[in-house]
Every structure is written in C-alpha cells, then in structure tokens.
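Just so you know, the sequence shown maps onto residues 1 to 189 in UniProt numbering. We treat Cβ as the ideally placed atom computed from N, Cα and C, and that holds for glycine. To keep things clear, I will list the structure first and then write my remarks on it.
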Amino acid sequence: MAGQALSEQVKKQAHRREENQCMQAAVDVYLQEQEKLDGVKKRGLRPIAKDHGVDPTTLQHLAKGGVSMSVFNASKGKLTFAKERVLIDFILESADRALPMNYSNIEEHANAILHGHNPEAEGENITVLVTICANGTALKLTVIFKGQQILAKWTQGNISEVSICALENGWTDGGLALNWIQKDFDPQT
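Next comes the structure, spelled out in structure tokens:
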C-alpha cells in the first residue's frame, strides 16, 4: 500500500533541514580554512559558499557566531522542539487508541507540558544567591521571593536548609546583603 503524500508544510520543513545541513557544512569548512597557519593558502568565503550552494552573506554571518533564522524562529515558539515532539506523539497515540483530541484538549495538554509538573503555578521569577568557594565547595543557597513576607509553607520540609526571604522587588539590596553576610556567609566560611 502506498504512503500518504507529504503536505507542503512537511516538504518545506524537510527542505529547510537540508539547507541548514548544507549551511552548517559550509560553516565548518570555512572555519577549518581560517584555522590554517599564516602563509598557507586559504580558500575564501565565496568559493566555499558556491561549493555548498549557500548564500555567502549568510555564511559569513554564521561563521562570525550569528544565529540562523531557523534557530531564531524556533526560539520564538512556546514549546521547544523536544516538547513539541512529546505533544505530537501524545496526540498520535491518543488517535491510535480511538481517542481523538479536539483543539481544547490539545491546548490543555500543551499548557500542561509548558508549565511542567505544576500547571497551576504562575511562573514568577525568583532570585537565588549561589556561592561557590575557591576549593569547589558551595555554601547553602539563599532564595529571594518577590513580596512582603514569606509563607510558612515555603519553609516546611527545608531539608537543604536554604535561606528564604522576601523583598518587594525580589532582588538583593544593601540591607539583605549585610544580613546575608552576617547570618549566612560568615558562619559557613
């Protein structure tokens, strides 16, 4: 039995992957050429670009550490490529089990993947002070939450004895730094 025809989107994605592989090969060759010792003839950027069928301007941009459009566009998505694959596999597996998903189910599952293990969390950032000594040992962490005060449940089950505090802006300030030096840093060093 013949397979299904590929959609235009799938064809474009495959073509883009091939272009990215050609571009990466060209970047690798160009960088190897640039590493040659002085006095040794180096191939230029344009001949390398022509050999690989890529744009010389883009090759130069990527060789200088620039980001490709594919990587840039992928970074704009809500889910990483790996998380997208997990979602797609889940959808296909559900369909195989005669449980096709509607849009709201897919959206709910995508949001659960996006928010990790705690889909109810708001995802607000916190500040963590990490101190690593010259000998490789680490002091206990200090976690700074944004807010007026800390909740008692935040300190329950604090096995690693992390210092927890709250500040209105959620960042360090002079008073916190002095308190941290006196109560955390000095006793541990």
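For secondary structure counted as the alpha helix (DSSP H) over 4 or more consecutive residues, the region 17-82 holds these complete runs in sequence order: 45-52, 56-63, 69-76. In its chain, beyond the 5 residues on either side, A26, V29, Y30, E33, L59 have a beta carbon closer than 8 Å to the beta carbon of I48. For A110 against L92, the beta-carbon gap comes to about 14 Å, at or over 8 Å, which does not count as contact. Secondary-structure assignment with DSSP links F90 through no beta bridge to anything. About 3 Å separates the beta carbons of G170 and K146, which is inside the 8 Å limit, making them a contact pair. Apart from sequence neighbours up to five positions away, the residues of its chain that approach V128 with a beta-carbon distance below 8 Å are L141, T142, V143, I144, ordered along the chain. Listed in chain order, the non-local C-beta contacts of M69 below 8 Å within the same chain number zero, local neighbours out to five positions each way being set aside.
Within the DSSP bridge table, the entry for V10 names no partner. Following the DSSP letters along the chain, one finds A152 inside the alpha helix (DSSP H) bounded by residues 152-155. Going by C-alpha positions, R17 is about 13 Å away from F81. DSSP, read as helix, strand or coil, puts K146 in strand. Residue environment analysis places L37 among the exposed positions, since fewer than 16 neighbouring C-beta atoms fall within 10 angstroms of its C-beta. With respect to the 8 Å criterion, I164 and I181 are not classified as neighbours on the basis of their beta carbons. Note that the C-beta distance between I132 and K83 is not below 8 Å. Residue pairing of S163 in beta bridges, as defined by DSSP: T142. For the 8 Å CB-CB criterion, C22 and V71 do not form a contact. Rounded to the nearest whole angstrom, the CA to CA distance from I106 to P100 is 10 Å. For the 8 Å CB-CB criterion, A166 and Q148 form a contact.
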